[in-house]
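For reference, the structure is listed below as structure tokens.
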Amino acid sequence: MPESQQTAFILLSILILTSAFCVVLFRNLIYSALSMIGCFLGVAGIFILLHAELVAAAQVLIYVGAISVLVIFAIMLTGHRAGDLRLFFHKQAWVAVPICAVAGIALMVVMATANYNATKDAQNPSDDAIASLLFNEYAFPFELVSLALLVAMVGAVILAMKEKK
Amino acid sequence: MTPLQQYLALSIALFFIGSWGVLARRNIILIVMCVELMLNAINIALVAFSNYSPTGAGRGEVFVFFVFALAAAEAAIGLAIAIAMYRLKERLSIGDFDEMKG
Chain R
1 MPESQQTAFI
11 LLSILILTSA
21 FCVVLFRNLI
31 YSALSMIGCF
41 LGVAGIFILL
51 HAELVAAAQV
61 LIYVGAISVL
71 VIFAIMLTGH
81 RAGDLRLFFH
91 KQAWVAVPIC
101 AVAGIALMVV
111 MATANYNATK
121 DAQNPSDDAI
131 ASLLFNEYAF
141 PFELVSLALL
151 VAMVGAVILA
161 MKEKK
Chain D
166 MTPLQQYLAL
176 SIALFFIGSW
186 GVLARRNIIL
196 IVMCVELMLN
206 AINIALVAFS
216 NYSPTGAGRG
226 EVFVFFVFAL
236 AAAEAAIGLA
246 IAIAMYRLKE
256 RLSIGDFDEM
266 KG
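Chains as they are written, first to last, in the numbering used here: chain R, 1 to 165; chain D, 166 to 267.
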């Protein structure tokens, strides 16, 4: 990677990892949701560094635009009280730290020692190539995903609907 | 470290921060948010592999679009369930919902 890309990668990594920690550690859910938006924007920056501009645009539209608004609406529609740390963190929170750390380090070791046969430079194709892949080779999964979205939409409406008395 | 490994290391770190959040927090909405973080980590790994792969270029990005659509569906369903649960019990702590315990 060139020097400037390396710097951008390090800055974006710091943004992503600190805001991810903030999502877990903030007691106020609104603060968590806002740091989650920061994390999503950092991931969009990483996609741009990886020459995947279309994915970065979709990330901003779907995650920053839609999912964050959905989460903030859900937080507003439900009450949450301030109080003791035990209200926010599960009893198993301190056991979960070493488990996640050990699993993460094990995966890092596997990742660092694996043989990838990777290229040095960017290979991501243009948006045209991705669109033709999506609508030719992957047309059937694409239709399945759209069906899943439709089912999820109907299910979400039915779940959140008030029951008629 | 090669560039690919840097991106994968970021992905692994983000994934396990998200899984720690899923295991540690009590609020259902926050657990949904942490699952979104984990899906984002997966997307970073997919795009990185797609970018540095000598043959399968672009396929990783196609899968990222599928993950986007399913993450949106998962968020909608998860938050609708959270709102329905809140309406039922006026609470959102996972410990309060143990009716299906065997």
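C-beta atoms are modelled at their ideal positions from N, C-alpha and C, and glycine is treated no differently.
For R:Phe-26, same chain residues with a beta-carbon under 6 Å away, outside a window of 5 residues either side, are Ser-32 in chain order. Fewer than three Cβ pairs drawn from the stretch 125 to 137 of chain R and the stretch 234 to 244 of chain D lie within less than 8 Å of each other, which leaves the two stretches out of contact. Per DSSP, the continuous alpha helix (DSSP H) segment holding R:Leu-11 begins and ends at 3 to 25.
Taken in chain order, the members of the stretch 64 to 79 of chain R whose beta-carbon sits within less than 7 Å of a beta-carbon on chain D are Ala-66, Ile-67, Leu-70, Val-71, Ala-74, Ile-75, Leu-77, Thr-78. D:Ser-215 carries a helical assignment under DSSP once its states are collapsed to helix, strand and coil.
Collapsing the DSSP output to three states places D:Asn-192 in a strand.
Fewer than three pairs of CB atoms, one per stretch, sit closer than 8 Å, so the stretch 214 to 230 of chain D makes no contact with the stretch 192 to 201 of chain D. Among the residues facing chain D, R:Asn-117 is included, as its CB has a counterpart in that chain under 8 Å away. Apart from sequence neighbours up to five positions away, the residues of its chain that approach D:Leu-175 with a beta-carbon distance below 7 Å are Ile-209, ordered along the chain.
By the rule that beta-carbons nearer than 8 Å mark a contact, R:Leu-41 does not touch chain D. Around the C-beta of R:Ile-75, 16 or more other C-beta atoms lie within 10 Å, and the residue is accordingly described as buried.
Neighbours of R:Gly-155 across chain D, judged by C-beta separation under 9 Å: Ala-238, Ala-241, Ile-242, Ala-245.
According to the DSSP assignment, R:Gln-59 belongs to the alpha helix (DSSP H) that extends over 53 to 59.
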